Amino acid sequence: MSEHFTRRDLLHKAGRGAVLATLGGGAGFLVRKAHGQVVWQVDAARCLNSRLGEVGVAACNLCTTECVVALSAVRAVNEHSRCGRCNICPAYFNITSAVDDRGLPSEKLCPRDAITRRPIGKADPEDPANNFYEYLIDEEKCDGCGKCVMQCKEPLGLGSIVLRIRYNRCVDCNRCAISTACPKDALIQVPVEQGLRNDGVH
Amino acid sequence: MTGSIEMAHATSTRRAVAAILALFILATVAVPTIAAQSIPYQRPVDTAPQEKTIGGGYKTPAAQKPLPRNSWLQLLDVAVLAAALAISSWLVLKRRSRKALVALAAGSLAYFGFYREGCVCPIGSIQNVAVALTNPQYSIPMVVTATFFLPLVVAVFFGRAFCGGVCALGALQELVLLKPVRVPRRLDRALGLLKYVYLGLAIFFALKPARDFLICRFDPFVGFFRRTGAPHMLMIGGAFLLAGLFVGRPYCRYLCPYGALLNWCTRVARRGVTITPDKELDCGLCTDACPYGAIEKMRAVRRNCLYCARCYAACPRDGKLARAKAQLVTLSAEPARS
C-alpha cells in the first residue's frame, strides 16, 4: 500500500476526511440542540372552531378535508371535567331544529352520529334541568369536522369539546397538510410531553 | 267506449299529479314553519358539575387519548435503517448477489414504504436539517438527524448502498423496471443536473419564513405508500412508474435531491462497486446491463452507481454459475489458470 501511495490517493483521503468532518460537525451541532420527539397539536386558543369570539360562523372543517390519512387524524374530544353535562347540549342536538314531543330538539348535530349520551344516575322526567348526561364521542366515527366544537363554547356551551390529534393515526408528516391549510395557524409542533398534557383548553 | 275509458284514465292521472304538487308545496311551506318552532336556546348551566355535585359515586371518565408511537419504535426505525445500510453494503460489495439485494429492497419497501408510510425518510429530512442548521428556534429530533446523516456517512465509506437496498422510493422504481432503455448520455447528463436545481429550490423554500417543504409536497410515491393522496400527485407518481418501466429509476437519477448529496459524498468514497473481482473481460455485458448509465469504460462510476447489482448478475465471470463455468474451462482447456 505505502509504495503505491500517490498524490491522487492523498487528495482522495483528504477529501474523505473533509466530508466526514463536515458531516460530523453538522450532526454534532444538531444533536446538541435536539430535543426529544415532537408531535403536532391543535392549539385550541387559535383554532377557529374552539377559540372564543368566533360565533355565528360556519364550523371550519379543514382538519377533515386536508389530512392525508383516510379518516382524519384530528377528532373532537370531550374534556369531561369541563363538560356541563347539559340536558340540552348544543353540541349533541341541533338546537335550531324543531322540538319533538319530549321537549328536546328533534335533530342531532353530528353528521356522523358520533356522539352518544347516557343519563348520569336516574333521569327525572319532571325536572329535566337537573338531569345530567354524559356525552361520549366515538373515536372511530368522528372525523374532526368541528361542528360540535363550534357549538360547545361561550356563549352556548362551556367549551369542553376541543379538536385533538389522535396520535395513533397521525403519520406525523414533515409538512402537515392541515397546518399549511389552516387559516389560523392552529397546528403547531410541540414536544411530545406537552402534546400529551391536557392543555390547550381555554 | 274505449275513448271514454282513456279520458277517465287521463283525468285520474292529472288528479294524482295535482295532489302530489299540492303536497310538495305544502311541504316546502310547512317545513320552515316547523323549523321556526325550535327552542329559544339558553345555556342550562354556567359551570361544569363535578363529581361531588353530581353525587351517586359518579366518576369523571378520562378523555380518550391515543398515544403516539413509542420512542423505542422510533429508535427501531433508526436501527432498521442502520442494519439495512450495513446489509446492503455487504450484499453489494462482498456477497455480490443481485437476488439477495432485490429481496432486501423489497423488505425496505415494505418497512419504510408501506409500514412507515414513507415518513421519516432521508430525502425529506434534508429540509428539516436545513431549517435546523439556520434557525435557532427550530430543533429536530435525534431520529431525524440520524436518518439524515447515516446514509451519507455510509456513502463516504461504501458508496450509495442506501439507493440500492434501503430507499423505499428507489426500491419501488427498481421493482417496476422491466425493459430498460438507454438514455442518450448527453440527455442523461443534462437531466441529471435537475436534481441540483431541485435541491437548491427545496432548501430555499424550506428556509423561507412561510416554510414550505417541497420535497414532501411533491413526493411522487408517498401516495402509494399511504394508499391515499391528492389526485394530481397520484397521477404524477403513476407517470413516474410508467416511465420507470423503461427508463431506469427516473426520480432517483434526475430529481432526487438526496441523490445529489450522495453523489458528492461518493466522490470521496473508500470503496465502490467493482464489476469483476479480479480482471475484466471487456465483453461489455455489464455496460449493457446497467440501466443507469453508470458504467463507463467497463468501470462503475461510483457517484452514479445506484447499487442495483445488475452488472454482477449479467457478468459471465461472477456468481455461482460463472464459477462453475470457470472450473469447466479450467478442466477442459486452461490448465494454467491461477
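In order, the protein sequence lines correspond to chains A and B. The numbering of the first sequence is the numbering used here, which starts it at 5 and goes up by one. The numbering of the second sequence is the numbering used here, which starts it at 48 and goes up by one. Just so it is clear, CB atoms sit at the ideal spot from N, CA and C, and this is done for glycine as well. Since the structure is predicted, the reported quantities are computational estimates derived from the model, not experimental observations.
At least one CB atom of chain A sits nearer than 9 Å to the CB of B/T192.
Sequence-ordered contacts of the segment 170 to 182 of chain A with chain B read R170, Y171, N172, R173, C174, V175, D176, C177, N178 and R179 [C-beta pairs closer than 8 Å].
Under the three-state reduction of DSSP, B/I342 is assigned to strand. According to DSSP, B/W311 shares a beta bridge with no other residue. Note that the C-beta distance between A/P94 and B/R90 is below 9 Å.
Scanning its chain for C-beta atoms nearer than 6 Å, with the 5 sequence neighbours on each side dropped, one finds around A/E158 the residues L56, in chain order.
The residue from A/K17, A/L66 and A/F9 with its alpha-carbon nearest to that of A/L191 is A/L66. Residue-level contact by beta carbon fails for B/E221 and chain A, as no gap is shorter than 9 Å. Assignment of B/R163 by DSSP, reduced to helix, strand and coil, places it in the coil class. Here DSSP, grouped into helix, strand and coil, assigns B/L281 to helix.
Under the 9 Å criterion on CB atoms, A/K37 is classed as interfacial with respect to chain B.
Taking 9 Å as the threshold, the shortest C-beta distance from B/T275 to chain A falls below it. The Cβ atoms of B/T107 and A/S164 lie no closer than 9 Å to each other. Here B/T192 is buried: its Cβ has 16 or more other Cβ atoms, across all protein chains shown, within 10 Å. As far as DSSP is concerned, B/T334 takes part in no beta bridge. Taking C-beta atoms as the reference points, B/Q220 and B/L114 fail to come closer than 9 Å. In this structure A/E144 is exposed. Its beta-carbon is surrounded by fewer than 16 other beta-carbon atoms within 10 angstroms. Across the set B/A202, B/A179 and B/S85, the C-alpha of B/S85 shows the shortest separation from the C-alpha of A/P109.
For A/E138, there is no enclosing alpha helix (DSSP H); the enclosing beta strand (DSSP E) has its first and last residue at Y137 to I141. Residues of chain A with a Cβ closer than 9 Å to the Cβ of B/C303 do not exist; the shortest Cβ-Cβ separation is about 16 Å.
The Cβ atoms of B/Y339 and B/R300 sit closer than 9 Å to each other. Annotated as proximal: B/L308 and B/L246, with beta-carbon spacing under 9 Å. Close to B/N351, with beta-carbon spacing below 9 Å, lies no residue of chain A; the smallest spacing is near 18 Å. For the set A/Q41, A/Q155 and A/W44, the Cα lying nearest the Cα of A/A62 is the one of A/Q155. Apart from the 5 residues on each side of it in sequence, B/F272 sits with its Cβ closer than 6 Å to the Cβ of G160, F161, E164 and G165 in its chain, given in chain order.
When the beta-carbon positions are compared, A/F136 and A/N91 come within less than 9 Å of each other. Residues of the segment 44 to 56 of chain A with a C-beta less than 7 Å from any C-beta of chain B: none at all. Beta-bridge partners assigned by DSSP to A/A102: B/S85. For B/R145, the enclosing alpha helix (DSSP H) stretches over residues R145 to S155. Per the C-alpha coordinates, the member of A/P123, A/K151, A/V78 and A/E130 positioned closest to A/E138 is A/P123. Taking each of A/V35, A/A102 and A/G88 in turn and checking the Cα distance to B/I101, the smallest one comes out for A/G88.
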